[in-house]
Amino acid sequence: MSSGYTYPPADPAIADIVERLTENLAAMPELIQQFSADLTQGKSLGECRGIAEHELDSLYQLAQALCNEEQFAHALPICLNLLIHQPSNPDYLFICASCLQRLSHHKEAAKLFQQLCQLDVLHVAAAYRLGECLEALGDREAAKVQFNRCIDLSYGDDHYRNLQTFAKDKISGYN
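Numbers given in the numbering used here equal positions in the sequence shown, counted from 1, plus 400.
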């Protein structure tokens, strides 16, 4: 992954946010060291820094909008900041892992999807996406396990019918 951000969004306000948050990522080691005592006591970095929930929600909505526009490289710095500030938030884990996956950082995405699957054992989309990442990494057996898991979790739930069909198609392609 590149450490610099080279493709700013066309909207100057969004570009400013993305640039600021990209710079913020570079300062994370110092912030983590500064708040290490609080972090070891279970506080999130967002709590330590006094970042309000509505600020994180606004950033999450911006990241979602960028992802919906398939601007994953622009959304990634936002997602990483969200995740650093609230690492156990399922929405932040999912969107960050999704950005990484869409940018072909499958190993890193797989780690986050795995973490989400452990946090929420019923997360159908995370199981499917983890399977996709494992498949991209060449681990077809582990991918098959996740696709089967997706099918099992989505069984009988019309909301996940498409994911179930996609997972079945993936598995049938292995035979």
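Each residue gets a CB set at the ideal place from its N, CA and C atoms; glycine is no exception.
Because the structure is a prediction, the values reported are computed rather than measured.
Contact under 8 Å by Cβ, residue i with residue j
| i | j | result |
| --- | --- | --- |
| V524 | L563 | yes |
| D438 | Y460 | no |
| K570 | G531 | yes |
| C496 | A510 | no |
| A473 | L512 | no |
Residue i versus residue j - alpha carbon distance
| i | j | result |
| --- | --- | --- |
| Q434 | L445 | 10 Å |
| K507 | A452 | 31 Å |
| I432 | Q514 | 24 Å |
| M428 | P409 | 23 Å |
| L476 | I414 | 13 Å |
| V418 | D411 | 11 Å |
Cβ separation of residue i and residue j, assumed to be a contact under 8 Å, to the nearest whole Å
| i | j | result |
| --- | --- | --- |
| Q486 | R529 | That belief does not hold up - the Cβ atoms of Q486 and R529 are roughly 20 Å apart, past 8 Å. |
| C499 | C550 | C499 to C550, Cβ: 20 Å. No contact. |
| E516 | L493 | Residue identity differs from the one stated: residue 516 is Leu in this sequence, not Glu. Contact flag correct, Cβ pair sits at about 4 Å. |
| L425 | N481 | 7 Å |
| A463 | C479 | 5 Å |
| F547 | A526 | Wrong, their Cβ atoms sit about 12 Å apart, outside the cutoff. |
Residue i, buried or exposed, once every other Cβ within 10 Å from all chains shown has been counted against 16
| i | result |
| --- | --- |
| T440 | exposed |
| Y574 | exposed |
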